[in-house]
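Here's the structure we're looking at; comments come further down.
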Amino acid sequence: ARDSISIVGSSTVFPFSKVVAERFGRATKFKSPTVESTGTGGGFKQFCGGVGVNFPDMSNASRRIKQAELDNCKANGVTDIVEVLIGYDGIVIANSVKAKQMKLSRKDLFLALAKKVPNPSGGDTLVDNPYKTWKDVNPTLPAIKIEVLGPPPTSGTRDAFVELAMEGGCSQFSFIKAYKSSDKNRFKEVCHILREDGAFIEAGENDNLIVQKLNANPNALGIFGFSFLDQNADKVQASYVDGSLPTFDTIADGAYPVSRPLYFYVKKAHIGLIPGIEQFLAEFTSEKAWGDEGYLSEKGLIPLDEDRRATIAKRVKALDSLKSL
Amino acid sequence: MDISEEKSATLIAEHDRTEAPKMTENTTAKQVADMKAEHATTVGKPLVDNAKMSMRGVDVFYGDKQAVFGVDLDIGENEVIAMIGPSGCGKSTFLRCLNRMNDTIEICQVKGEISLDGLNVYDPKLDVVPLRARVGMVFQKPNPFPKSIYENVAYGPKIHGLARRRSEMDEIVETSLQRAGLWEEVKDRLHQPGTGLSGGQQQRLCIARTIAVSPEVILMDEPCSALDPIATAKIEELIAELSQNFTIAIVTHSMQQAARVSHRTAYFHLGRLIEVNNTKKVFTTPDHELTEAYITGRFG
Amino acid sequence: MDISEEKSATLIAEHDRTEAPKMTENTTAKQVADMKAEHATTVGKPLVDNAKMSMRGVDVFYGDKQAVFGVDLDIGENEVIAMIGPSGCGKSTFLRCLNRMNDTIEICQVKGEISLDGLNVYDPKLDVVPLRARVGMVFQKPNPFPKSIYENVAYGPKIHGLARRRSEMDEIVETSLQRAGLWEEVKDRLHQPGTGLSGGQQQRLCIARTIAVSPEVILMDEPCSALDPIATAKIEELIAELSQNFTIAIVTHSMQQAARVSHRTAYFHLGRLIEVNNTKKVFTTPDHELTEAYITGRFG
Amino acid sequence: MQALERACFFDLNARPNRLEYIIPPRGFMNSWVLIVLMAALCATIFVAGRSRSLNVATGVGGTRYLNSLPFYYGMLSALWAILPALVLVTLWKIFDGQIIEHIVISELPDDVVFEDASQRGLMLNQIYNIMNGQLSADAAPAYLADSVARLQALKAHADLLVAVLVVMMMVGLGGFAWWRINPQLRARAQVENVFQLVLLGCSSLAILTTIGIVMSVLWESLRFFHAVPITDFLFGLEWSPQTAIRKDQVAGSSSFGAVPLFAGTLLIAGIAMLVAVPTGLMSAIYLSEYAHKKVRAIVKPLLEVLAGIPTVVYGFFAAITVAPFIRDTAVSMGLDNYMAVTSESALAAGLVMGVMIIPFISSLSDDVINAVPQSLRDGALGLGATRSEVIRQVVIPAALPGIVGGVLLAVSRAIGETMIVVMAAGLAAKLTANPLDSVTTVTVQIVTLLVGDQEFDSPKTLAAFALGLMLFIVTLALNYVALHVVRKYREQYE
Amino acid sequence: MNSTNSAEKPTTAELVERSLAKRRASEWRFKQMGRASVAVGIIALLILFTQIIGNGIGAFRQSFIHMEIEFDPDTLGMTEVNHEQLALANFDGIVRNGLRELFPEVKGRREKRELYSIASYGAGFKLRDMLAADPGLLGQRVSVKLLVDDDVDTYVKSLRAGDPYEDRISEAQRKRIDKLLESGALKLDFNTGFFTSADSAEPEQAGILGALLGSLFTLLVTGSLSFPIGVAAAIYLEEYAKRSRLTDFIEVNINNLAAVPSVIFGLLGLAIFLNFFNMPRSMPLVGGLVLTLMTLPTIIISSRAAIKAVPPSIREAALGMGASKMQMILQHVLPLAMPGMLTGAIIGMAQALGETAPLLMIGMVAFIAEVPAGITDPATVLPVQIFLWADSPERAFVERTSAAIMVLLAFLITMNTLAIWLRRRLERRW
Ligand SMILES: Nc1ncnc2c1ncn2[C@@H]1O[C@H](COP(=O)(O)OP(=O)(O)OP(=O)(O)O)[C@@H](O)[C@H]1O
Ligand SMILES: Nc1ncnc2c1ncn2[C@@H]1O[C@H](COP(=O)(O)OP(=O)(O)OP(=O)(O)O)[C@@H](O)[C@H]1O
Ligand SMILES: [Mg+2]
Ligand SMILES: [Mg+2]
Ligand SMILES: O=P([O-])([O-])[O-]
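So this is what it looks like as structure tokens:
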């Protein structure tokens, strides 16, 4: 018989989830929940597998659940799901402190990293990305080789980066933006596909490794989560994106453009049957956990504003289930 | 023994004397002999009344190559039979058929009938273990186990449950080693590896190991090849003693030895059994010209 | 040969005759002999003028156990020396010292001086490769390589670069096999594994393999133990032929053989060299009582 | 958090104790007791069988006249007793829970109905949790308290029941076997047949595993080939799963070409083998043929540690130390003018991986080299061969099958390794033979596709299965070749 | 040969002499290559070890703060020591009081918060345990040794290394820490907690015991299954199975299984053990079973090689004595092949001990804050712990990652020692 909560899902939410799990376990009579880091999609796959002791009770996500995933849940009898938005994560573009701090725009990022870019010599056509150095992209940037270490296409962080930064950059070209309404697939293809000629380096999911690689190679930039920047301020520095640096405040108030929401989802059918789910939810949504000065912010979670916390906490208490996306 | 010491010795001396001068002709003579052997049929008295083991039409093949051709032979109860013949003529191969040791060579195939006390040795349903316990073997190349001397000898009795107590086992080991004439040399080092012995000592160890099980039939493939005359004498004495109760087939290259220890002698040539007769007869008045040629040290 | 065929043969016949009756006394007699051997010093003429190899004060130990005790001996140029003695007396051990084969046994330690043409064999700086090319060895247990018969024989010439062309090699292989008396039997199966030969064939293969290198000194440890008289005669003929140019040390248990092939004979007992003399003398009027006891088949 | 819910954290043992049935003390007949009991019985029956055979033997004139050693009679009786009992216990352990649960569920009030099995499972879980004190019974419906008590009682009785059954069965069958003992009974043959059957069972496990693997990748692979033509997959020169990332997009035919992955695998594994085979083999040779025994005793286990260092460590080492060093060296030599030189390189990954798999070759080869009989070495040494000649021409050929086994294992490990490649060679699938460039391997793609953020039935995920299947087939073919090559060159000593 | 005009023909000694220099050189090269190869392996090992030890040695020491604490019933909100009250008591409060006593000058909410953050959040739990163990402490003043926060610990350690890591700690806080260091109230001590606790989200409280036991349980399952099964399979294939297409197929299959990426074994485990047999996730038993399947080929292949290497003459000798096949195998072949088999076990188990990927699929890549007590308790294993820590943002996990690797290696070496000792005893040359 299973007597502890089982949580799966995003590796980004994992550190936050485990803090809560641990404190919850130590402070109550319940066992500490088991938290697995499976990636958002992998988490949903298990979560939506069905109702029963062999299926997890909660799934963490670094993006919102997709309709297809929701449908799958429904098909497997997981009908009542509570969605909890817990805060934000900033995706930072950083380089070694030994190098010059970069001031980038999303457009620069798009031009530097997309597989196909608008023809530099004008016209509404797309060509294979010809840029070799940052200076080619934007004359105000230094003349160093474009070398960006980032997550692979299988990662949620990559998805978020592509959606927030690249899409933001490519939308600044009106003819591409026009695709958005006319040919959505085309739009995504242009904005989402990163170059594969070596300027963008898929570096795996280990953000610490990216930090270390940046340390060893001052010319390179890296893309990773905010918590790693927070913990490694002596080694790497964030670049400005559209004029703002990623900090708690800029991410929380939306001034920093590349940030994404973090969620977890709860299977209502398990509440009351698996011990401690309600209490765990209460702990997670308590002020001392996710509040402005709560222990989650220590770990790098960027808190929601007070009002949203209040409404969400209320909804969680009432176990309002997700109706539709 | 059938043949008196005196006579056999004289005979051998003669043989030795005649050997050297004829050597130069051997090569071609041997070829002639080989050709003759190919069409030879067994002469003499291959069959006996009180057969302990009997073989009928035994053919042995290594892959495509036939090594033994249609041998019919009986080995009598409590008899010592010697098998002689030029190197490579199939003596070991034939001997190994008798307790199915050839089973271990993948390419080796045995045809014909072999029986032990009327028991078909090559019955596919037969359990070879009791067979091999009854028909023991001393191999041509001494192959002691990489274990201590004691364990080497105690192994057979152990697996066949011949000793109940440690003391019984000690006794078996000691007697066997003594009978093989090795006891004096190894009694202080019974627990050192058998592979650290000299060539001759290893050979005697293998003999001791085999007789420790007291098999009914003992097959010995050149058991004295690495032994000095004294040790050889000791083994021959052992054979004489054993033959009172057991049946022994011995392959040897020493015709003196064959003459000394055996009751009957079988002469093989190129995989064929050429002649079987009382030892005395074989060494004095062989029936087949090839046999005569061989024991007198020439061919043809 | 020093000693005429006739005489040696007679002698052996006598020996054979005397052997059997005395067997019963052997056990105790041997113990007495062993005690005597422990205090024996070498008699006869261990040293010669034109020594090819000379050994002085050779002691050999296996771990703590001493197997050879202070042997002084010369082997003359183009001489055939036979080494005889009871099983386990240290013949193989001593022989293996001469080309440093004992190096491969970890626990084996050799003391004393051994030289080949004045060259200190146990010089730590000496390269054993040319030494072993000059002093070849046939081991007591035939150990063909798990390669084809051809490759077995060609191996030595190949590593030493003795053949320039394939045809030269073919010739070396053929001659060597012929001289070892194996050619006829294997000429059709040169490319089959040497391990699939009969015991005697393997032994001859090992001899062929050794002589293919034409070493100056050949050490043979019971080269004929698995051979029938004809094959033995062939090998003895080979030895006689080789001794015209080469030096040969042969360990044998057959005193007849020692008498037939060797010029000098060394008798070992319990690790001590008891007597060295002309073969004729050893087999007719040995100086040492132990030698006499041994060759007449008794002890004490 | 509400105060009421904060029961005491370290008092988990305080369990509700409202039981209506009389039950034996908890855990009385738990598995350990049962195991010990079975072992003891088995031993007793062995001894009984053995001594009976001895008794029987005295009747016929000593153990010589028994068909087999007394040991085998004992063994046979013990096998008769233990094997069926083991089967029973195993079956019981698999099914008893289900039976008991079924009883408990069936005794629930009629108005409790389940829509499906999972709800039933949850209800059971709840009952278990109440039983263990993990859930408070107060919040649950009243009838659950009865179920809890029933469950507890049933469990205890069931344990007792199985124990009794097992004992009876062992005594019965063991007794039967014991009774059957007579001098003609072919006890040894029967014991050996069991032995052989067990061995056969063990080796067929490998086949079952293979079948299992094929089954677990085949279905998904077929679905993948439904979406992507198999020829595109096999012969396509471009691997770029990002273009096929979305469900709404028709999988770009050009983006699932497996050729670059296989090329990358080949390149990295090749480099690794170039490092590992010579080093491993030479180490094995040095250790077994040249080095002093003491040196060998220390160095061999030390090298074996290399195989046990977690791959993350190698990964960091390759990515942070080796790869930048290689790049800097290449750049300082001016190689970047002729070819791509990146900070992620196949060379770095291959080199480090090579070091990791050294022990696979060194240790296994060392063992088989050591097992070559000394007489073979003596034969060659006696002819005047140098040690290296002996090793190369006699020892190695004789030890070849074992060495090849080690090499195969090493290749396998190189093909299967992910962490080092991800960290040091990157994830970009490039079709290149340039070791200074970044490449990726099949296994790496499988792992990233499987564990990444994914939709479960996009071609991207399915591609992992197809890759797995392909890899399986390719290595199978290579192994067939290897088998025949080894057969051809095998030299059997003695 | 000397048959014809031997005068012209050079003697063997001369011929040998001609190529001797070359052969000697090649011999020398060969030996040096052997030396170099061993050196490569050893040097690689040394480099890795120095790196690991250099990075990880720090984790075995940990900063503690020694301070006076008053178990003040008012602050705690307790009247007597019982379970209910213990659970509700405000132990953080008395820790804070203690800290404030050390720095009475600290005013203001923000500054106080900063001050409080010196102590680890686990400090309160420690005091709770103390009080539970000795209820007489209520109302007493005692001096205690408490864990400090990981940031402070990192800072303290970086100070000693001479390159202070200041970014995560404010100027004022640094002053306070310096003061504490000077007064000796804050100092480094042996980190017992690392060996006695399970994983934690807070680096200063994270320990390796949970993963260590997880590995132990997993490998117990693996070792007790894969070695006997592997050896048995090898024996069957080498000694019983007749050469046939079928056995060829089995042989190739086993070799091939060795080349199957380990993550696929995870898929298999997922399909069989979790989906078919309905076993729970994160269980050492399942992990052990999956790793058994994964290590089997390694053990089978090496065992077969070892069995093949046993000379046939030994088998003949045994069979000739009337040993049955089983006796021959168990009494002769197996003892002689055992060293090689043990090597397979050593390598296979080392691989199993270091494997992460297949465990990913069966839920062992998880945060489990409790120490497992058996093979059915949720657990993680050492390499997974290393993998998770290596991927954690907290700086203090860097050294813990290396320390965990050291623990893994120690585990590996201990595990292997037995096998190696056995192997050395069984080795012989014949
Ligand atoms: N490897 C070894 N380890 C320990 N002792 C050994 C070893 N080889 C030989 N001996 C011992 O050294 C002594 C001499 O052995 P050696 O092989 O030289 O005898 P031998 O004269 O050749 O006898 P044989 O005629 O039986 O071959 C014997 O007592 C033997 O047991
Ligand atoms: N394993 C084998 N594979 C192939 N041929 C073999 C094998 N063993 C023996 N032979 C061949 O079979 C024939 C008979 O061999 P066998 O060993 O029986 O001879 P033998 O009479 O014992 O000779 P020897 O006196 O030399 O031991 C020989 O030609 C030999 O080459
Ligand atoms: Mg033979
Ligand atoms: Mg000898
Ligand atoms: O694990 P992620 O889905 O957050 O990348």
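Residue numbers (our numbering), protein chains in the order written: chain A, 360 to 684; chain B, 780 to 1079; chain C, 780 to 1079; chain D, 891 to 1384; chain E, 5 to 434. Quick reminder that beta carbons are idealized off the backbone N, C-alpha and C, glycines included.
{"query": "Beta-carbon proximity list for F918 (chain D), same chain, < 6 Å, skipping 5 on both sides", "result": "Any reading at F918 (chain D) needs caution, since the residue's pLDDT is 43, under 50, leaving its predicted position unreliable; the model's value is listed next. Correct list: empty, nothing qualifies."}
{"query": "Contact under 7 Å by Cβ, G973 (chain B) with L984 (chain B)", "result": "yes"}
{"query": "Interface residues of the region 442-467 of chain A facing chain D [CB-CB below 8 Å]", "result": "none"}
{"query": "Q355 (chain E) CB to nearest heavy atom of ligand 3 below 6 Å", "result": "no"}
{"query": "Beta-carbon proximity of T1064 (chain C) to I1053 (chain C), cut-off 7 Å", "result": "no"}
{"query": "Chain-ordered chain B contacts of K920 (chain C) [CB-CB under 7 Å]", "result": "K920, G978"}
{"query": "Contact set between the region 994-1009 of chain C and chain D, restricted to residues whose Cβ is under 7 Å from the partner", "result": "none"}
{"query": "Contacting residues, own chain, Cβ-Cβ under 8 Å from P1327 (chain D) (five flanking each side not counted)", "result": "Rather than Pro, the amino acid found at residue 1327 (chain D) in this sequence is Asp. For D1327 (chain D), where only same-chain residues beyond five positions count, the Cβ hits under 8 Å are M1229, A1230, V1231, T1232, S1235, A1236, K1320."}
{"query": "Where G973 (chain B) meets chain C, residues with beta-carbon distance less than 8 Å", "result": "In chain order: nothing, as chain C lies at least about 13 Å away."}
{"query": "Enclosing alpha helix (DSSP H) for T421 (chain E) [first to last residue]", "result": "400-430"}
{"query": "CB contact below 7 Å: V914 (chain C) versus chain E", "result": "no"}
{"query": "Pairwise C-alpha distance: M814 (chain C) and P800 (chain B)", "result": "Any reading at P800 (chain B) needs caution, since the residue's pLDDT is 37, under 50, leaving its predicted position unreliable; the model's value is listed next. Near 42 Å, if we compare the C-alpha coordinates of M814 (chain C) and P800 (chain B)."}
{"query": "Element boundaries [alpha helix (DSSP H), containing E665 (chain A)]", "result": "665-677"}
{"query": "For L1049 (chain C), the three-state DSSP class (helix, strand or coil)", "result": "coil"}
{"query": "Beta-carbon contacts of W1010 (chain B) that lie in its chain and below 7 Å, excluding the five residues immediately before and after", "result": "Residue identity check: residue 1010 (chain B) is Ala in the sequence provided, not Trp. Correct list, in chain order: G960, G979, R983."}
{"query": "Per-residue burial, S946 (chain B) [other beta carbons within 10 Å of its own, 16 or more giving buried]", "result": "exposed"}
{"query": "Minimum Cβ-Cβ distance from M880 (chain B) to chain E less than 7 Å", "result": "yes"}
{"query": "M419 (chain E) versus Y240 (chain E): straight-line alpha-carbon distance, rounded", "result": "27 Å"}
{"query": "Contact set for P915 (chain D): own chain, Cβ-Cβ below 7 Å, skip 5 residues either direction", "result": "Here P915 (chain D) scores only 41 on pLDDT, less than 50, and its place in the model should not be relied on; the value that follows carries that caveat. There are no such residues."}
{"query": "Endpoints, alpha helix (DSSP H) assigned at P232 (chain E)", "result": "213-239"}
{"query": "Any chain D beta carbon closer than 7 Å to P382 (chain E)", "result": "no"}
{"query": "Lining residues of ligand 2 - beta-carbon closer than 5 Å to any non-hydrogen atom, in sequence order", "result": "B:Y841, B:A846, B:S866, B:G867, B:C868, B:G869, B:K870, B:S871, B:T872, C:G975, C:L976, C:S977, C:G978, C:G979"}
{"query": "Check: Q919 (chain C) C-beta below 6 Å from any heavy atom of ligand 4", "result": "yes"}
{"query": "Whole-Å CB distance - S406 (chain E) paired with I56 (chain E), under 8 Å assumed", "result": "5 Å"}
{"query": "Pair within 7 Å by beta-carbon distance, L426 (chain E) and L346 (chain E)", "result": "yes"}
{"query": "CB contact below 7 Å: T1099 (chain D) versus chain E", "result": "yes"}
{"query": "Other residues of its chain near R361 (chain A): CB distance less than 8 Å, five sequence neighbours each side excluded", "result": "V412, I633"}
{"query": "Proximal chain E residues relative to Q1283 (chain D), where beta-carbon distance stays under 8 Å", "result": "Correct list: empty, because the minimum Cβ distance to chain E is about 12 Å."}
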